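Numbering (this note's numbering), first residue to last: 4 to 169.
Glycine is no exception: its CB is placed at the ideal position from the N, C-alpha and C atoms.
All of these numbers come straight from a predicted model, not from anything done at the bench.
A short write-up of the structure that comes next.
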């Protein structure tokens, strides 16, 4: 599958995306992680001071500038990817009763039937978010209004935690 490791956390996220049928995002995540790792390796080759390598200092400085420029481009690409994912809105899962959304973390909107034993007191759409946000908050009985309510709750959470001010 992968000939080079991209890290446990990145690989776990990529597998999570693949399980939900989002294969393109998983391969993009792995590719960006590999490019990031390559840039970090290049930056790690930097000498402590250019004078410590006689005759090779100019090449070392040029290499460091190239690696720094590549790292900056990767940061910009990652920011663009996150912005595009955020603008995509609610994306359907392979399960027709589940939607996903990226807004500074993954959010899930799922349809559940009433079952007070499991904590679902009403039939309808429930919102789950990243740690410290919503954990099964009822949004609405119908899908359209539930998406609107979920967006409102996400915005409220981001404003409360200060994430919305970025």
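query, result
"Stretch pair the segment 96-107 + the segment 117-126: three plus CB contacts closer than 8 Å", "no"
"DSSP bridge partner residues for residue 130 (one or two, in chain order)", "112, 140"
"Nearest-angstrom Cα separation, counted from residue 24 out to residue 131", "19 Å"
"One or two residues paired with residue 145 in a DSSP bridge", "According to DSSP, which records beta bridges pairwise, residue 145 is partnered with nothing at all."
"Simplified DSSP state of residue 19, which is helix, strand or coil", "helix"
"Residue 106, DSSP secondary structure in three states", "coil"
"Under 7 Å between C-beta atoms of residue 33 and residue 17", "yes"
"Backbone secondary structure at residue 101 - three-state DSSP", "strand"
"Residue 38 vs residue 77 beta-carbon contact at 7 Å", "yes"
"Assigned exposure category for residue 113 - 16 Cβ within 10 Å defines buried", "buried"
"Same chain, Cβ closer than 7 Å to residue 122, neighbours up to 5 away in sequence not counted", "139"
"Contact check, residue 150 vs residue 110, beta carbons under 7 Å", "no"
"Cβ-Cβ separation, residue 15 to residue 21 (assumed contact under 8 Å), whole Å", "Actually they are not in contact, since the Cβ atoms of residue 21 and residue 15 sit about 11 Å apart, beyond 8 Å."
"Length of the line joining the Cα atoms of residue 83 and residue 162", "21 Å"
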